[in-house]
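Novice:
In the UniProt record's numbering, the protein residues as written are 1 to 355.
In structure tokens:
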């Protein structure tokens with residue numbers, strides 16, 4: 001599950017960096033900082049030997065937790081500014097100041113703790129280091145801040161997720177909110193672990209394990225939530241366009257079978273843009289093919305049985321030339337529906353297939 005969460009965060013990082021390059025606005029930059037910081041903080045443990053060798057024993061703990069704080073405050077700023085271009089100055093300043101104070105306290109208590117002689121996997125789990133008051137303060141400050149900022153993000157997500165509007169934004173806020181709710185468990189379980197250890201002088205490993213599980217699940221949901229705002233609308237657009245291609249299919253195949261010169265190769269519709277290209281291209285090909293069939297029939301005065309329906313759909317001397325591209329597009333879609341339903345197309349005096 002750890003690598004699944006890291007993979008989701010890596011995809012979210014790459015996607016957000018692409019968006020920042022295209023549109024470097026507040027929302028995209030906040031998104032990018034939040035997801036990159038969360039990814040670095042969560043994945044730091046996988047590079048612990050390198051980090052500890054470069055910065056000192058157990059520096060991985062401090063580096064990872066600091067990036068988590070940066071990611072948390074960035075996510076808070078993101079949700080604060082979800083409805084406007086930038087968050088309110090006072091609220092943003094308060095959030096940044098609190099985060100800076102937390103980072104400073106963490107750095108001071110970590111530097112003051114006598115934990116730099118040997119590296120351990122986790123300061124909280126190690127039976128020697130967990131007894132130290134400075135380590136307890138360091139972790140308590142970090143966990144308390146994390147719980148506070150996650151609860152605040154949940155509050156903001158609840159406020160904005162119910163506002164009608166962009167479906168992608170609402171789904172993103174819902175996933176972010178639930179991801180934060182689950183991630184709060186990480187902070188709560190670790191605080192309980194520290195309190196029990198400091199007061200009862202015994203450890204409860206199950207609390208630490210539950211906290212780690214909550215962190216993995218919560219971060220996975222947060223990564224998905226950060227991907228949803230663009231992916232959900234794009235997926236809906238892609239599926240809608242594919243449905244349009246299927247509706248055009250019978251008419252397009254019938255027309256191009258008798259007018260193959262009207263067709264051009266198009267790429268497979270594996271992305272929304274490619275699907276839209278194929279859909280629009282097939283509308284044009286139907287229009288051109290119908291015009292070719294009508295022109296050929298008018299030229300030789302004959303009409304094969306196979307083209308009877310196409311001729312009926314393609315031309316009528318009472319129809320006017322379409323006024324614009326929108327009218328022509330509507331006419332082609334109307335013809336496709338009529339062809340699929342095997343009934344004559346209704347006459348529309350405002351549209352006519354192009355010659």
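Every residue, glycine too, gets a C-beta built ideally from N, C-alpha and C.
Bear in mind the structure is a predicted one, so any value in this text is a computation, not a measurement.
Can you look up residue 16 in the DSSP assignment and give me helix, strand or coil?
Specialist: Residue 16: helix per DSSP, three-state reduction.
Novice: Can you list, in chain order, the residues of its chain whose CB lies under 6 Å from that of residue 192, leaving out five sequence neighbours each side?
Specialist: Answer for residue 192: 207, listed in chain order.
Novice: Hey, would you say residue 168 sits closer than 8 Å to residue 232, going by beta carbons?
Specialist: The answer is yes: Cβ separation under 8 Å.
Novice: Count the other CB atoms within 10 Å of the CB of residue 73; is the residue buried (16 or more) or exposed (fewer)?
Specialist: Residue 73 should be labelled buried.
Novice: Short check: CB of residue 263 to CB of residue 285, under 8 Å?
Specialist: The answer is yes: Cβ separation under 8 Å.
Novice: Give a yes or no on whether the C-beta atoms belonging to residue 86 and residue 26 are separated by under 8 Å.
Specialist: It is a contact, given that the beta carbons lie within the stated cut-off.
Novice: Give every residue of the same chain whose Cβ lies closer than 6 Å to the Cβ of residue 95, excluding the five residues on either side of it in the sequence, and list them in chain order.
Specialist: Same-chain partners within the cutoff: 73, 76.
Novice: Helix, strand or coil, according to DSSP, for residue 159 in the structure here?
Specialist: Helix, per DSSP.
Novice: Let me know if residue 133 comes out buried or exposed under the rule of 16 or more other beta-carbons within 10 Å of its beta-carbon.
Specialist: Result: exposed.
Novice: Would you call residue 239 buried or exposed, if buried means 16 or more other Cβ atoms sit within 10 Å of its Cβ?
Specialist: Exposed.
Novice: Alpha carbon to alpha carbon, what distance is there between residue 222 and residue 23?
Specialist: Roughly 22 Å separates the two Cα atoms.
Novice: Hey, quick one: how far does the alpha helix (DSSP H) through residue 187 stretch, first residue to last?
Specialist: 167-200 is the span of the alpha helix (DSSP H), which, as asked, contains residue 187.
Novice: What does the alpha-carbon distance come out to for the pair residue 242 and residue 252?
Specialist: Distance between the alpha carbons of residue 242 and residue 252 is about 14 Å.
Novice: So, helix, strand or coil for residue 116, using DSSP?
Specialist: If DSSP states are grouped into helix, strand and coil, residue 116 belongs with coil.
Novice: For residue 293, tell me which candidate among 279, 259, 268 has the shortest Cα-Cα distance.
Specialist: Measuring from the Cα of residue 293, the nearest candidate turns out to be 259.
Novice: Just the Cα atoms here: how many angstroms apart are residue 58 and residue 102?
Specialist: Distance between the alpha carbons of residue 58 and residue 102: 19 Å.
Novice: In this structure, how does DSSP classify residue 56 when only helix, strand and coil are distinguished?
Specialist: Note: residue 56 maps to coil in three-state DSSP.
Novice: Should residue 180 be labelled buried (16 or more other beta-carbon atoms within 10 Å of its own) or exposed?
Specialist: The residue in question, residue 180, is buried, as its Cβ has 16 or more Cβ neighbours within 10 Å.
Novice: With a threshold of 16 other CB atoms inside 10 Å of the CB of residue 254, please say whether the residue is buried or exposed.
Specialist: By the neighbour-count rule (16 or more Cβ atoms within 10 Å), residue 254 is buried.
Novice: Grab me the residues of residue 28's own chain with a C-beta within less than 6 Å of its C-beta, minus the 5 sequence neighbours each way, in chain order.
Specialist: Cβ within range, chain order: 19, 20.
Novice: For the segment 201-286, which segments carrying the alpha helix (DSSP H) assignment without a break, of at least 4 residues, lie completely within its bounds, in sequence order?
Specialist: Complete alpha helix (DSSP H) runs here, min 4: 205-258.
Novice: Whole angstroms are fine: how far does the CA of residue 80 sit from the CA of residue 174?
Specialist: Answer to the nearest angstrom: the Cα atoms are 15 Å apart.
Novice: Whose C-beta lies closer than 7 Å to the C-beta of residue 329 among residues of the same chain, with five residues either side of it excluded?
Specialist: Excluding residues within five positions, the ones whose Cβ falls inside 7 Å are 283.
Novice: Taking just the CA atoms, how far does residue 50 sit from residue 56?
Specialist: Spanning the two alpha carbons is a distance of roughly 10 Å.
Novice: Are the Cβ atoms of residue 7 and residue 17 separated by less than 8 Å?
Specialist: Not a contact, by the Cβ cut-off of 8 Å.
Novice: For residue 158, collect the residues of the same chain with a Cβ closer than 7 Å to its Cβ; drop the 5 residues on either side in sequence, then sort them by chain order.
Specialist: If we look at residue 158 and ignore the five residues flanking it on each side, its Cβ neighbours are 177.
Novice: Determine the direct distance from the alpha carbon of residue 69 to that of residue 35, and round the result to whole angstroms.
Specialist: Distance between the alpha carbons of residue 35 and residue 69: 12 Å.
Novice: Helix, strand or coil: how does DSSP classify residue 82 here?
Specialist: Reduced to three states, the DSSP call for residue 82 is coil.
Novice: Between the C-alpha atoms of residue 41 and residue 275, what's the straight-line distance to the nearest angstrom?
Specialist: Computed Cα separation, rounded: 38 Å.
Novice: Report the three-state DSSP secondary structure of residue 306 (helix, strand or coil).
Specialist: For residue 306, the pLDDT reaches just 44, beneath the cut-off of 50, and the residue's location in the model is therefore unreliable, leaving the point undetermined.
Novice: Counting C-beta neighbours from all protein chains within 10 Å, is the total for residue 209 16 or more, i.e. buried, or is it exposed?
Specialist: Flag for residue 209 reads exposed.
Novice: Using three-state DSSP, classify residue 4 as helix, strand or coil.
Specialist: Here residue 4 sits in helix by DSSP.
Novice: Pop quiz: residue 278 and residue 245 are said to be a contact at Cβ under 8 Å. What is the actual Cβ separation, rounded to whole angstroms?
Specialist: Their Cβ separation, rounded to whole angstroms, is 6 Å, which keeps residue 278 and residue 245 in contact under 8 Å.
Novice: Going by beta-carbon coordinates alone, are residue 45 and residue 71 separated by less than 8 Å?
Specialist: Cβ distance not < 8 Å, so residue 45 and residue 71 don't count as in contact.
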